[in-house]
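K.L.:
Residue numbers (this note's numbering): 130 to 312.
Right, dumping it as structure tokens:
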């Protein structure tokens, strides 16, 4: 190409203003249409309401409450099952239990299991969430530490030795479960 075939392109001041407004201007932009490049595809930017809901569901209070409620339900189901399977322990010459006595025994067993499972679930979730927040990382160590604290708190009611064994056992169990769930 020679220099005679090249034409110089010039913009008028109005055209420069239009270009500047197009690239830099304050025109309306939809946040939902902004695409952030990632390897897995585009990401939608969350609204403030979505962030608030997500923060609520990830809070330690919600996690602990949910674990307590679910622990109560699972404990009640487990207690009902064990109460139905375990035979009543009575003396050989004692009269046969009535249906009311059997149901009363099942109710006490079910509630006992439900309360224990609720306590374990709530304490474990609360301790794990606090440890995770303090450490600032999510890994298998959080569950191990939380298991140790929870097992120690449960076992300490029966003495120091029981507390140490409870801490070690619950920490080992939490580590195995966490390893299984992550792999």
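Even glycine gets a Cβ: it sits at the ideal position worked out from N, Cα and C.
Report the CB separation of residue 299 from residue 265 in whole angstroms; it is logged as a contact under 8 Å.
P.N.:
So it is not a contact: roughly 24 Å between Cβ atoms.
K.L.:
Note down, in chain order, each residue of its chain lying with its Cβ closer than 7 Å to the Cβ of residue 239, except the 5 sequence neighbours on either side.
P.N.:
So the qualifying residues of the chain are 205, 208, 209 and 212.
K.L.:
With DSSP collapsed to three states, give me the class of residue 141.
P.N.:
Residue 141: coil per DSSP, three-state reduction.
K.L.:
Tell me, please, whether the region 181-201 touches the region 225-232 by the rule of three or more beta-carbon pairs shorter than 8 Å.
P.N.:
Verdict: no, contact absent.
K.L.:
What's the C-alpha gap between residue 149 and residue 179?
P.N.:
Between residue 149 and residue 179, the C-alpha separation is close to 34 Å.
K.L.:
Does the count of Cβ pairs from the region 246-259 and the region 187-201 closer than 8 Å reach three?
P.N.:
Enough Cβ pairs lie closer than 8 Å, so yes.
K.L.:
On a CA-only basis, which of 257, 284, 267 and 281 is nearest residue 311? Give me that one, please.
P.N.:
Out of 257, 284, 267 and 281, 267 has the C-alpha closest to the C-alpha of residue 311.
K.L.:
For residue 189 and residue 278, which I take to be in contact (beta-carbon distance under 8 Å), what is that distance rounded to the nearest angstrom?
P.N.:
The pair is not a contact, with the Cβ atoms about 14 Å apart (cut-off 8 Å).
K.L.:
Quick check on this structure: which residue in 273, 234, 145 and 225 has the alpha carbon closest to the alpha carbon of residue 257?
P.N.:
Ranking the options by Cα distance to residue 257, first place goes to 273.
K.L.:
Using the Cβ count rule (16 or more neighbours within 10 Å means buried), how would you classify residue 201?
P.N.:
By the 10 Å Cβ count, residue 201 comes out buried.
K.L.:
Alpha carbons only, please: which of 234, 225 and 221 is nearest the one belonging to residue 215?
P.N.:
Nearest of 234, 225 and 221 to residue 215, Cα basis: 234.
K.L.:
With residue 308 and residue 269 assumed to form a contact (beta carbons below 8 Å), what rounded beta-carbon distance in angstroms separates them?
P.N.:
Right, their Cβ atoms sit about 6 Å apart.
K.L.:
Once DSSP output is grouped into helix, strand and coil, what is the label at residue 218?
P.N.:
In the structure shown, residue 218 sits in coil (DSSP, three-state: anything other than H, G, I, E or B).
K.L.:
In this structure, how does DSSP classify residue 134 when only helix, strand and coil are distinguished?
P.N.:
Residue state, collapsed to three classes: coil.
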